[in-house]
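Heads up, the thing below is written out as structure tokens.
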Amino acid sequence: MKKLFFFAAFIILTASFSLKREPAVLVYTRNYKPDGKGYVHENIPYSVRAIITLGKELHFRVDTSSDPAVFTEENLKRYRAVIFANSNKEAFATDQQRLAFRRYIEAGGGFVGIHSSTGSERSWKWFINMQGATFLRHAVYQKYTVRVIDKNHPATKQVPEKWEKEDECYYFRQFNPAIKVLMVADLRTVQDPDKPDVFCDVSPAVWCNKFDGGRQWYTALGHNPSDYSDPVYLNHLKRGIEWVLKGSGSLDYSKAYAESPYDEFRY
Numbered sequence: 002m003k004k005l006f007f008f009a010a011f012i013i014l015t016a017s018f019s020l021k022r023e024p025a026v027l028v029y030t031r032n033y034k035p036d037g038k039g040y041v042h043e044n045i046p047y048s049v050r051a052i053i054t055l056g057k058e059l060h061f062r063v064d065t066s067s068d069p070a071v072f073t074e075e076n077l078k079r080y081r082a083v084i085f086a087n088s089n090k091e092a093f094a095t096d097q098q099r100l101a102f103r104r105y106i107e108a109g110g111g112f113v114g115i116h117s118s119t120g121s122e123r124s125w126k127w128f129i130n131m132q133g134a135t136f137l138r139h140a141v142y143q144k145y146t147v148r149v150i151d152k153n154h155p156a157t158k159q160v161p162e163k164w165e166k167e168d169e170c171y172y173f174r175q176f177n178p179a180i181k182v183l184m185v186a187d188l189r190t191v192q193d194p195d196k197p198d199v200f201c202d203v204s205p206a207v208w209c210n211k212f213d214g215g216r217q218w219y220t221a222l223g224h225n226p227s228d229y230s231d232p233v234y235l236n237h238l239k240r241g242i243e244w245v246l247k248g249s250g251s252l253d254y255s256k257a258y259a260e261s262p263y264d265e266f267r268y
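If you want it as structure tokens, here you go:
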């Protein structure tokens, strides 16, 4: 009887210890514009469910919200990374929330952006540089070629080098020149009379960065709800999230220097 008791106690303590050690991520999905206009992606619940499933595989806990009130310094200390899953327009309601998020990144917090997240906070210079660019527009939904240009990053290793994918081809502006581009849209395969005239006929589609203390990864892919049950896309997303989590350890707020969300930033 004593052996059984001690064995049960050991199992409970081990499980409790494992839960405490599992990192947590915040999945944020706000789509808001004061005039009520703006596209809200129907893929949002699918992306959230997919990330929850990936959390079970990678052993991280997931909290989800569309309420900007979650952006306080105290609350963000709970998370290894924040994932903007198809968010759009004004992600934050106050400058205090913007500052809390900025200081979280400066302290070493991770960030993942999915698809329309580049449509968030389009006028906040720091956020644009943190994410790597801001959304300009997209071509109509169609099949086109996405090419891998960095075969060594985990998020590209099991992706076809020439991925014939149905999606929206996103165009961006205000690129942070420090981003490392991992995959590009081959604009020669995109049917769009107004597509940009760019060097080499490619446009960045997936990239990573280490900006202002944090680690970031972004994918423009993932418009269709069916993407979030596609094994190739899911592995792409899984490895991108994993890369951010591996580079985002304990937060160190002694490195957070901003006193305003609009302070000059450090590359």
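In terms of our numbering, the sequence shown opens at residue 2 and continues consecutively. Positions of the beta carbon are idealized from the N, C-alpha and C atoms, including for glycine.
Straight-line Cα distance separating Gly248 from Leu235: Position 234 of the sequence shown holds residue 235. Position 247 of the sequence shown holds residue 248. The straight-line gap from Cα to Cα measures roughly 20 angstroms.
Buried or exposed by the 16-neighbour rule on C-beta atoms within 10 Å, applied to Val83: If you number the sequence shown from 1, residue 83 lands on position 82. With 16 or more other Cβ atoms within 10 Å, it is buried.
Close-in-space but distant-in-sequence residues of the same chain around Glu122 (CB under 6 angstroms, 5 per side omitted): Counted from its first residue, the sequence shown places residue 122 at position 121. So the list reads Ala92, Phe128, once near-sequence residues are dropped.
Residue of Ala206, Asp96, Ile242 minimising C-alpha distance to Pro24: Residue numbering aside, residue 24 sits at position 23 when the sequence shown is read from its first letter. Nearest of Ala206, Asp96, Ile242 to Pro24, Cα basis: Ile242.
Exposed unless 16 or more other CB atoms sit within 10 angstroms - verdict on Tyr40: Here residue 40 corresponds to residue number 39 of the sequence shown, with the count starting at 1. Exposed, because fewer than 16 other Cβ atoms sit within 10 Å of the Cβ of Tyr40.
Classification of Tyr142 by the beta-carbon crowding that lies within 10 angstroms, buried from 16 upward: Taking the sequence shown and counting its residues from 1, one reaches residue 142 at position 141. With fewer than 16 other Cβ atoms within 10 Å, it is exposed.
CB contact flag (Trp164, Leu183, <7 angstroms): On the sequence shown, position 163 is the one that residue 164 refers to. On the sequence shown, position 182 is the one that residue 183 refers to. No, these two residues do not count as a Cβ contact at 7 angstroms.
Reference Pro69, options Asn177, Tyr29, Lys57, closest by Cα: In the sequence shown, counting from the first residue as 1, residue 69 sits at position 68. Among Asn177, Tyr29, Lys57, the Cα nearest to that of Pro69 is on Tyr29.
Endpoints, the beta strand (DSSP E) within which Gly111 is located: Indexing the sequence shown from 1 puts residue 111 at position 110. Residues 111-115.
Residue closest to Asp168, alpha-carbon to alpha-carbon, out of Trp125, Gly223, Leu27: Reading the sequence shown from its first residue, position 167 is the one you call residue 168. With distances taken between Cα atoms, Asp168 lies closest to Gly223.
Sequence-distant residues of the same chain with beta carbon closer than 6 angstroms to Leu100, five excluded per side: As a first step, residue 100 must be located in the sequence shown, where it is residue number 99. Counting only Cβ-Cβ distances below 6 angstroms, and skipping sequence neighbours, we find Pro262.
Ser117 classed as buried or exposed, judged by whether at least 16 other C-beta atoms fall within 10 angstroms: In the sequence shown, counting from the first residue as 1, residue 117 sits at position 116. So Ser117 counts as buried.
Same chain, Cβ closer than 6 angstroms to Arg189, neighbours up to 5 away in sequence not counted: Start at 1 with the first residue of the sequence shown, and residue 189 comes out as number 188. Contacts found: Asp202.
Contacts around Val63, its chain only, beta-carbon distance under 7 angstroms, and the 5 residues preceding and following it disregarded: What you label residue 63 is simply residue 62 of the sequence shown in a count that begins at 1. Around Val63: Val26, Val28, Ile52, Ile53, Gly56.
Cross-strand partners of Arg50 (DSSP beta bridge): In the sequence shown, the residue the question calls residue 50 occupies position 49. Arg50 pairs with nothing; no bridge assigned.
Residues of its chain near Lys78, where Cβ-Cβ distance is below 7 angstroms and the 5 sequence neighbours each way are ignored: To locate residue 78, count along the sequence shown from 1; it is residue 77. So the list reads Leu252, once near-sequence residues are dropped.
Cutoff 6 angstroms; reference Asn130; Cβ partners in own chain excluding five residues on either side: Working through the sequence shown from its first residue, we reach residue 130 at position 129. Result list for Asn130: Asn177, in chain order.
Reduced DSSP category for Trp244 - H, G, I as helix; E, B as strand; rest coil: Position 243 of the sequence shown, counting from 1, holds the residue named residue 244. Three-state result, Trp244: helix.
Whole-angstrom distance between Lys126 and Phe102, CA atom to CA atom: Numbered from its first residue, the sequence shown carries residue 102 at position 101. Numbered from its first residue, the sequence shown carries residue 126 at position 125. One C-alpha to the other measures close to 14 angstroms.
For Glu58, three-class secondary structure by DSSP: Indexing the sequence shown from 1 puts residue 58 at position 57. In this structure, Glu58 counts as helix in the three-state DSSP scheme.
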